[in-house]
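Worksheet: the structure to be examined is printed underneath.
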Amino acid sequence: MDPLQTSIEYLKGIGPNRANLLREELGIRTYQDLLHFFPNRYIDRSAFHSINSLPKTNAEVQIKGQILNLKIVPQKRGKRLVATFSDGQSSMEMVWFRGHKWMQEQLKLNTAYVAFGRLSWYGSKASMPHPELTLETDYEATKIGALHPVYPSTEKLVNKGVSQRIMKQMMTNLFGLISNQFQENLPDYMLKELQLISRKDAIINAHFPKDLQALNQAQRRLKFEELFYIQLQLIQKNRLQKQKIKGYVFPVVGELFSNYFNNYLPFQLTGAQQRVVKEIRFDMGTGKQMNRLLQGDVGSGKTMVALLSMLIAIDNTFQACLMAPTEILAVQHYQSIKEALGGIEVKVGLLTGSVKGAERKTLFEELANGNIHILIGTHALIEDKVVFKNLGLAIIDEQHRFGVAQRAKLWRKNDLPPHVLVMTATPIPRTLAMSVYGDLDISVIDELPPGRKDIKTVLRSDANRLDVFRFMQDEIAKGRQVYIVYPLIQESEKMDYKDLMDGYESIARSFPLPDYQISIVHGQMKAVDKEYEMQRFVEGKTQIMVATTVIEVGVNVPNASVMIIESAERFGLSQLHQLRGRVGRGADQSYCILMSGKKRSQEAQTRLQTMVQTNDGFEIAEVDLRLRGPGDLMGTQQSGVLQLKIADILKDQDILKTARFFAQKLVEADPEMKEEKHIRIRQTYAKIMTHKNIWNYIS
Ligand code: ADP
Ligand code: MG
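Numbering-wise (the working numbering), the sequence shown opens with residue 1 and increments by one.
The following block contains the structure:
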């Protein structure tokens with residue numbers, strides 16, 4: 001057996017109890033896990049303090065001295081063990097609240113120690129609770145350098161006596177056992193080209209760095225290795241998927257597409273739209289199943305790309321479907337696509353939860369016999385009862401509302417899976433996208449239709465409300481429409497609902513009938529009522545739309561020029577950006593007014609400021625990522641990006657790019673990794689695939 005797969009129970013000084021603790025608290029089971037349990041910081045222990053000149057803070061310090069006496073002192077609850085520790089000139093107290101018996105047996109009086117720990121101050125009296133005490137002779141003998149590792153730990157571990165000292169001891173014991181077993185897993189040419197240190201040096205120096213430079217080199221090497229193997233996995237997965245999953249071939253760009261393109265297109269495509277349509281067309285012609293992510297900021301014109309792609313499918317005698325996250329949005333897609341099609345002969349169906357009875361039955365029939373070419377709808381599309389004659393292309397809009405599992409479900413409708421296009425307006429930085437969605441190809445619409453003006457965004461408080469109302473009146477007088485959005489967040493649904501209704505009443509008072517018409521849409525309304533209200537706004541029959549975030553995604557009313565967001569501090573950045581994207585869709589100057597009280601967190605402040613400063617979705621995504629980390633990114637759970645042991649997906653973007661570049665080059669040149677110089681990679685990769693864990697590969 002691979003010695004690194006040995007249970008830590010058998011490591012000197014651990015045993016079954018500690019092994020259990022380490023497994024439960026830190027997920028460490030094997031030698032391997034322990035080896036890759038890296039310190040999260042390092043402290044400089046080259047300096048010594050004298051007790052006279054201790055910093056008056058809670059700093060971690062190191063002092064040489066001896067224990068003069070030990071005594072048990074009773075306290076309110078239990079007792080504590082107190083040592084008087086002297087450095088020859090002055091003395092201070094070292095204190096233990098637990099583990100007295102063991103400490104008393106261990107500690108030697110009048111013997112030279114090195115004490116290390118965090119200072120506590122009681123007035124002018126320093127003390128050090130639970131210090132790490134090392135015999136000075138041992139300290140000298142171990143010579144492990146001035147930078148000492150500090151391992152991540154938990155309260156429970158500390159309480160059960162697994163201190164930093166014990167952790168370091170475990171590591172030292174482990175290294176004693178296996179240090180000659182660290183095999184290099186990157187080819188020499190890569191090490192040379194990238195000036196990376198050997199794997200063995202890297203692991204040793206990550207735990208016990210010789211100096212700062214060695215530590216940096218060790219971290220760089222290990223981060224590269226980690227990211228390289230993740231990228232390699234993703235790229236290989238993508239390659240194999242393309243090989244394996246056959247798809248329908250759409251060889252022709254037929255009459256429908258050409259006729260539409262030449263005679264019915266309502267506007268000229270942007271360069272980015274043209275490029276993306278070409279990418280999609282190419283993909284669907286290869287014989288492999290397309291799995292493509294289309295990223296484009298709000299308003300960048302993804303719907304037209306979807307429509308053109310669907311026409312290609314129909315030209316090749318297939319059906320297409322478009323799935324939207326909400327009913328309102330599905331209805332809107334249905335209407336705008338029908339409108340965009342003009343007089344062209346394509347039959348479009350709509351399937352939502354509200355389509356019932358005979359209507360539903362007819363729809364299903366027409367779907368099964370192929371009368372319907374394009375089906376637009378909500379989640380209802382993936383129900384088992386929905387049977388297509390021959391679904392060739394499935395488009396999913398605003399994918400963050402759908403899980404990957406749901407995407408996969410679409411595939412099972414036919415013998416061959418349909419091509420899949422996932423459209424999202426939540427841009428994430430490109431390198432990151434590639435590492436998160438390794439199994440998807442990516443297209444980006446990075447250009448807005450011409451003539452768009454940046455939306456002017458301002459931050460306002462309740463004190464400005466009258467001004468805001470006046471501004472609304474002015475815009476409405478010009479024939480424009482206004483959205484007012486209230487937060488609706490599940491935990492406080494009742495409160496939010498009350499806020500919404502209070503807000504609605506106050507707006508209704510200031511904008512009275514018959515001069516003003518107001519729509520209201522919220523989650524507790526029936527779908528038909530929602531749609532009715534929405535429709536009135538779309539048709540311009542109402543000037544103001546009061547709503548909760550149900551309108552967040554996709555709704556398109558080009559005549560709306562003002563977006564007012566209430567309690568804006570409660571929204572996330574991408575949500576704010578989405579909401580703002582509801583305006584600025586026509587040729588007129590549009591405005592976004594963020595209403596917020598004075599009281600808000602630092603993070604909320606950053607979010608609001610970012611919105612005021614920029615309209616660029618990618619820039620906003622970067623800030624969002626920095627604020628929240630990658631944890632909330634869709635799909636990250638599946639990709640393993642979060643389980644990184646040493647690299648940081650945000651901070652190590654440069655290393656990530658390099659790693660991806662090298663992985664790509666490798667797969668292009670030698671996809672099976674058969675060449676002599678790639679043997680280490682092949683072996684390591686094979687191990688990853690058996691253990692299904694990126695860090696389970698060395699031995
Ligand atoms: P999104 O990418 O957010 O889904 P839409 O597809 O809803 O954006 O497009 C937003 C608006 O821009 C729509 O009114 C659409 O008709 C219009 N539009 C899309 N592409 C173009 C273009 N190339 N030129 C002019 N207007 C366009
Ligand atoms: Mg859209």
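All C-beta atoms in this analysis are idealised placements derived from N, C-alpha and C, irrespective of residue type, glycine included. Owing to the predicted nature of the structure, the values given are computational and were not obtained by experimental measurement.
### Message
Among the candidates G353, Q578, N173, A508, whose CA atom is the shortest distance from the CA of V555?
### Response
Sequence index remark: in the sequence shown, residue 555 carries index 555 (1-based). Taking only the C-alpha atoms, the option nearest V555 is Q578.
### Message
Are the CB atoms of M171 and F208 within a distance shorter than 9 Å?
### Response
What you label residue 208 is simply residue 208 of the sequence shown in a count that begins at 1. What you label residue 171 is simply residue 171 of the sequence shown in a count that begins at 1. Going by C-beta atoms, F208 is nearer than 9 Å to M171.
### Query
Taking Cβ positions, are V557 and F537 nearer each other than 9 Å?
The sequence position of residue 557 within the sequence shown is 557, counting from 1. The sequence position of residue 537 within the sequence shown is 537, counting from 1. Yes, the pair counts as a contact, with Cβ atoms nearer than the cut-off.
### Distance between I197 and N205 (C-alpha atoms, nearest Å)
Translated into positions along the sequence shown, residue 205 becomes position 205. Translated into positions along the sequence shown, residue 197 becomes position 197. Straight-line Cα distance between these residues: approximately 10 Å.
### Message
Can you find the residues in the same chain that come closer than 8 Å, C-beta to C-beta, to G13, ignoring five residues on each side of it along the sequence?
### Response
For the purposes of this step, residue 13 is identified with residue 13 of the sequence shown, where counting begins at 1. Here the set comprises I166, Q169, M170, N173.
### Query
How is H703 classed by DSSP in three states: helix, strand or coil?
Because the chain in this structure spans residues 1 to 699, residue 703 falls outside the shown range and cannot be described.
### Task
Report back the beta-carbon spacing between V277 and L294 to the nearest angstrom; my notes put them in contact at under 8 Å.
Counting from one through the sequence shown, the residue named residue 277 turns up at place 277. Counting from one through the sequence shown, the residue named residue 294 turns up at place 294. Contact flag wrong, Cβ pair sits at about 10 Å.
### Task
Let me know if N262 comes out buried or exposed under the rule of 16 or more other beta-carbons within 10 Å of its beta-carbon.
Translated into the one-based positions of the sequence shown, residue 262 becomes position 262. With fewer than 16 Cβ atoms within 10 Å of its Cβ, N262 is classed as exposed.
#### Entry: I160 Cβ short of 8 Å to the ligand MG heavy atom set
Against the sequence shown, residue 160 aligns to sequence position 160. Reading the sequence as shown, one finds Lys at residue 160 and not Ile. Not under cutoff, so the answer is no.
### Message
At a threshold of 8 Å, does S300 count as lining the ligand ADP (C-beta to nearest heavy atom)?
### Response
In the sequence shown, counting from the first residue as 1, residue 300 sits at position 300. Yes, the Cβ of S300 comes within 8 Å of a heavy atom of the ligand ADP.
### Query
How far does the beta strand (DSSP E) with S443 in it reach, from first residue to last?
By 1-based counting over the sequence shown, the position of residue 443 is 443. Element bounds for S443: 441 to 445.
### Query
Among the residues of its own chain, which have a CB less than 6 Å from the CB of V82, if the five just before and after it don't count?
Counted from its first residue, the sequence shown places residue 82 at position 82. K71, V73, E93, V95, listed in sequence order.
### Whole-angstrom distance between K242 and I445, CA atom to CA atom
Numbered from 1 along the sequence shown, position 445 holds the residue referred to as residue 445. Numbered from 1 along the sequence shown, position 242 holds the residue referred to as residue 242. So the alpha carbons of these two residues sit roughly 23 Å apart.
### Message
Please give the ranges of any beta strand (DSSP E) in the region 133 to 193, keeping only runs that are unbroken, at least 3 residues long and fully inside the region.
### Response
147 to 150
### Query
CA-CA distance, M495 and Q602?
Reading the sequence shown from its first residue, position 495 is the one you call residue 495. Reading the sequence shown from its first residue, position 602 is the one you call residue 602. The straight-line gap from Cα to Cα measures roughly 24 Å.
### Query
Within 10 angstroms of its Cβ, does P325 collect 16 or more other Cβ (buried), or is it exposed?
Residue mapping note: residue 325 aligns to position 325 of the sequence shown, counting from 1. Classification of P325: buried, given that the 10 Å Cβ count is 16 or more.
### Message
Counting C-beta neighbours from all protein chains within 10 Å, is the total for V386 16 or more, i.e. buried, or is it exposed?
### Response
As a position in the sequence shown, residue 386 is number 386, starting the count at 1. Buried.
### Query
Does any heavy atom of the ligand MG sit closer than 8 Å to the C-beta of A425?
Here residue 425 corresponds to residue number 425 of the sequence shown, with the count starting at 1. Yes, the Cβ of A425 comes within 8 Å of a heavy atom of the ligand MG.
### Query
Considering only residues of the region 523 to 557, which uninterrupted beta strand (DSSP E) runs meet the minimum length of 3 residues and lie entirely inside it, listed in chain order?
544 to 547
### Query
Mind checking whether the beta-carbon of D446 lies closer than 8 Å to any heavy atom of the ligand MG?
Position 446 of the sequence shown holds residue 446. No, the Cβ of D446 stays beyond 8 Å of every heavy atom of the ligand MG.
### Message
Pull the bridge partners of H419 from the DSSP assignment, please.
### Response
By one-based count along the sequence shown, residue 419 stands at place 419. L393.
### Query
I43 by DSSP, collapsed to three states: which one?
Position 43 of the sequence shown, counted from the start, is the residue given in the question as residue 43. Strand at I43.
### Message
Is G581 close to the ligand ADP? I mean its beta-carbon at under 8 Å from any heavy atom of the ligand.
### Response
What you label residue 581 is simply residue 581 of the sequence shown in a count that begins at 1. Correct: G581 has its Cβ closer than 8 Å to the ligand ADP.
### Euclidean distance between Cα positions of R628 and E398
On the sequence shown, position 628 is the one that residue 628 refers to. On the sequence shown, position 398 is the one that residue 398 refers to. Looking at the two C-alpha atoms, the distance is approximately 20 Å.
### Query
Any heavy atom of the ligand ADP closer than 8 Å to the Cβ of Q602?
Residue 602 sits at position 602 when you count from the first residue of the sequence shown. For the ligand ADP, not one heavy atom lies less than 8 Å from the Cβ of Q602.
### Query
Would you say the region 674 to 687 touches the region 181 to 198, given that touching needs at least three Cβ pairs under 8 Å?
yes
### Message
Cutting at 7 Å between CB atoms, please list the residues of its own chain near T6, excluding the five before and the five after it.
### Response
Against the sequence shown, residue 6 aligns to sequence position 6. These residues qualify, in order along the chain: T30, Y31.
### Task
Would you grab the beta carbon distance between Q289 and H419 for me? Rounded to a whole angstrom, and I think it's under 8 Å.
To locate residue 289, count along the sequence shown from 1; it is residue 289. To locate residue 419, count along the sequence shown from 1; it is residue 419. Right, their Cβ atoms sit about 6 Å apart.
### Task
Find out if the Cβ-Cβ distance for the pair L421, A394 is shorter than 9 Å.
Here residue 421 is taken as the residue at index 421 of the sequence shown, counted from 1. Here residue 394 is taken as the residue at index 394 of the sequence shown, counted from 1. In this structure, A394 lies closer than 9 Å to L421 by Cβ.
### Query
Taking the continuous alpha helix (DSSP H) assigned at E60, which residues delimit it?
For the purposes of this step, residue 60 is identified with residue 60 of the sequence shown, where counting begins at 1. No alpha helix (DSSP H) holds E60; the beta strand (DSSP E) holding it covers 60 to 74.
### Query
Which residues bound the alpha helix (DSSP H) around M304?
Along the sequence shown, one-based indexing puts residue 304 at 304. 302 to 315 is the span of the alpha helix (DSSP H), which, as asked, contains M304.
#### Entry: Contact belief for A146 with R45 at Cβ below 8 Å, rounded distance in angstroms
As a first step, residue 146 must be located in the sequence shown, where it is residue number 146. As a first step, residue 45 must be located in the sequence shown, where it is residue number 45. Confirmed, about 6 Å.
### Task
Note down the Cα distance separating S567 from P487, rounded to an integer number of angstroms.
To locate residue 567, count along the sequence shown from 1; it is residue 567. To locate residue 487, count along the sequence shown from 1; it is residue 487. Roughly 7 Å between the two C-alpha positions.
### Task
Could you tell me whether any non-hydrogen atom of the ligand MG is closer than 8 Å to the CB of N556?
As a first step, residue 556 must be located in the sequence shown, where it is residue number 556. Yes, since a heavy atom of the ligand MG falls inside the 8 Å radius drawn around the Cβ of N556.
### Query
For T362, which three-state DSSP category applies?
For this step, residue 362 is matched to residue 362 along the sequence shown. Three-state result, T362: helix.
### Query
For D297, which option in Q653, I620, T690, V546 has the closest C-alpha, if you only look at C-alpha atoms?
By one-based count along the sequence shown, residue 297 stands at place 297. The shortest Cα separation from D297 among Q653, I620, T690, V546 belongs to I620.
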